[in-house]
Amino acid sequence: MFHLLKGKRAPNFRSALIKNMSNSSSPKEENTPQNTTKQIIDLSNDAINKMKQINLKYKNSKALKVSVEAGGCSGFQYSFSLIDKTNIQEKDLVAYNRECLVVIDKGAAEMLKNSKIDYTNNLIAKKFVLENIQNLSSKC
1 MFHLLKGKRA PNFRSALIKN MSNSSSPKEE NTPQNTTKQI IDLSNDAINK
51 MKQINLKYKN SKALKVSVEA GGCSGFQYSF SLIDKTNIQE KDLVAYNREC
101 LVVIDKGAAE MLKNSKIDYT NNLIAKKFVL ENIQNLSSKC
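Right, here's the structure in full:
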């Protein structure tokens, strides 16, 4: 599970840092507030492994960006894109897990809370997907 830590501790990025709980035995970053932790999103092992493959190919220069847009009566639509780490914007939250970087629009962070990013690889498609989306709803 990832947690939002408020501050400017993501390497080379001015945004929030999300850390993997399973890595709790690793040393804590200096100047990182420990009492402002807020749960946001989880990544499956398949999603982390796919991002590792992508970063091997692109020399660790890519981040996975998750965006959410209003889709009218059908609800919200979400999309994934690979962006260069140098293109991360001030309005983005950065998920950092040592193996991969996931960027979430600040406006979408609350909607994506407690959801999970997975990577599917089957005959029909190879893609990142969002699972357990509880906070997305739309009305006409």
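Position 58 of the sequence shown, counting from 1, maps to 58 under full-length UniProt numbering, and the rest follow consecutively.
We put the beta carbon where it would ideally sit given N, CA and C, even for glycine.
query: Any 3 or more C-beta pairs closer than 8 Å across the segment 62–78 and the segment 102–113; result: yes
query: 3 or more residues per run - each beta strand (DSSP E) lying fully within the segment 63–95; result: 76–84
query: Range covered by the alpha helix (DSSP H) that runs through Leu101; result: Where Leu101 is concerned, there is no enclosing alpha helix (DSSP H), although the beta strand (DSSP E) it sits in stretches over 101–105.
query: Beta-bridge partners of Asn121, as assigned by DSSP; result: Lys126
query: 8 Å contact criterion, which Tyr58 and Ser67 should meet: CB distance rounded; result: Contact flag wrong, Cβ pair sits at about 20 Å.
query: Spatial distance of Asp46 from Phe76 (CA atoms); result: 24 Å
query: Cα-Cα separation, Thr120 to Met111; result: 22 Å
query: Top-ranked residue by Cα proximity to Lys91, from Lys126, Phe80, Asn55, Ala108; result: Ala108
query: Inter-residue Cα distance where the pair is Ala70 and Ala125; result: 24 Å
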